[in-house]
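Mapping of the sequence shown onto full-length UniProt numbering: position 26 corresponds to residue 26, and the numbering continues sequentially without gaps.
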Amino acid sequence: MANSTRSLLESSYDIGPCDSTQSSSIVEQLQAVKDKEICMVDFRNCIVFQCITCNTVLGDSLGVCGEVESSQSVICLKVTEDVMVNEKHEMCSSGQLASSTYQTLLCTGCHDAVGLVLHSTPKHLSALRNLFLLRKELINCYILRSGTCVKASKINFKHRLMDKNIKKLKEYLETKLKQVDILEQMMEKMCTHDVN
Ligand SMILES: [Zn+2]
Numbered sequence: 001m002a003n004s005t006r007s008l009l010e011s012s013y014d015i016g017p018c019d020s021t022q023s024s025s026i027v028e029q030l031q032a033v034k035d036k037e038i039c040m041v042d043f044r045n046c047i048v049f050q051c052i053t054c055n056t057v058l059g060d061s062l063g064v065c066g067e068v069e070s071s072q073s074v075i076c077l078k079v080t081e082d083v084m085v086n087e088k089h090e091m092c093s094s095g096q097l098a099s100s101t102y103q104t105l106l107c108t109g110c111h112d113a114v115g116l117v118l119h120s121t122p123k124h125l126s127a128l129r130n131l132f133l134l135r136k137e138l139i140n141c142y143i144l145r146s147g148t149c150v151k152a153s154k155i156n157f158k159h160r161l162m163d164k165n166i167k168k169l170k171e172y173l174e175t176k177l178k179q180v181d182i183l184e185q186m187m188e189k190m191c192t193h194d195v196n
């Protein structure tokens with residue numbers, strides 16, 4: 001965003017219609033929005049997921065969108081490159097995931113299984129297809145704010161983090177929208193000036 005903003009401002013100087021007071025005010029407005037955006041992302045609130053056997057980093061709370069209580073798994077939109085998806089497709093014949101096909105997720109550090117990705121599932125599990133399900137009993141959580149490590153099974157990821165992620169996404173989108181508004185106003189002023 002910063003680069004594209006800068007290039008737009010630079011090209012405005014090339015055209016030459018904008019007076020310096022006007023452009024500095026726009027820069028200040030954009031900076032104010034950008035500063036607010038930086039404050040919103042507080043990485044000290046993040047939790048890092050580590051393999052319980054070898055401490056390899058498998059993911060973090062920024063990628064979490066809930067948990068599956070029945071299988072004691074954290075639902076992740078993304079994981080690190082140290083989580084390997086086993087090529088073999090397997091089938092669950094019993095239990096909570098009965099009649100589903102899945103691939104096992106392996107830790108590249110110790111090659112232990114750390115979770116799975118569901119593919120074909122019964123209808124009631126369809127929302128979980130193609131997401132990374134990390135087994136809570138197989139991961140530790142390193143909490144950045146306190147510098148402590150706790151078992152994932154001690155943390156509830158179900159509602160709190162999901163709400164938080166949606167709120168953060170909303171704030172992020174609103175910030176981006178404000179930046180687009182400011183840029184639109186700037187372009188409008190430049191065009192009007194150019195026609196005159
Ligand atoms: Zn491991």
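Where a beta carbon is used, it is the ideal one built from N, C-alpha and C, also for glycine. Every value quoted in this text rests on a predicted model; they were computed, and no experiment measured them.
- A distance criterion of 8 Å places the beta-carbon of GLY115 beyond contact range of ligand 1, judged by its closest non-hydrogen atom.
- Judged by beta-carbon spacing, ILE182 lies beyond the 9 Å limit of PHE132, meaning their Cβ atoms are not closer than that value.
- For CYS141, the enclosing beta strand (DSSP E) has its first and last residue at 139-143.
- Rounded to the nearest angstrom, the Cβ distance from GLN72 to ASN86 is 20 Å, too far for a contact under 8 Å.
- Minimum Cα-Cα distance from THR53 among the listed residues ASN45, LEU125, THR108 corresponds to THR108.
- For LYS136, the CB contacts under 7 Å within the same chain, skipping 5 residues up- and downstream, are GLN72, SER73, VAL74, ALA152, SER153 in chain order.
- Where ASP60 is concerned, the enclosing beta strand (DSSP E) starts and stops at 57-60.
- Each residue's CA atom was taken as its position, placing CYS65 and CYS191 some 44 Å apart.
- A Cβ-Cβ separation of about 17 Å leaves VAL117 out of contact with CYS51 under the 8 Å criterion.
- Exclusion of the five residues before and after PHE43 leaves no residue of its chain whose Cβ lies closer than 6 Å to its Cβ.
- ILE166 is classed as exposed because its beta carbon has fewer than 16 other beta carbons within 10 Å across all chains shown.
- For LYS151, the enclosing beta strand (DSSP E) covers residues 148-151.
- Distances from the alpha-carbon of GLU81 to those of VAL180, CYS92, LEU106 put LEU106 closest.
- Beta-bridge pairing by DSSP links ILE47 to ILE143.
- Annotation: SER70 is outside any beta strand (DSSP E) and is labelled neither H nor E by DSSP.
- When secondary structure is reduced to three states using DSSP, LYS78 falls in the coil class, being assigned neither helix nor strand.
- Within the same chain, Cβ atoms closer than 7 Å to the Cβ of ILE139 are found at PHE49, GLN50, CYS51, ILE52, LEU58, VAL114, ALA152, the five residues on either side in sequence being excluded.
- Partner residues in the beta bridge of PHE132, as assigned by DSSP, are CYS76, VAL117.
- A direct Cα-to-Cα measurement between LYS178 and LYS189 gives close to 17 Å.
- Around the beta carbon of LEU169, fewer than 16 other beta carbons lie within 10 angstroms, which makes this residue exposed.
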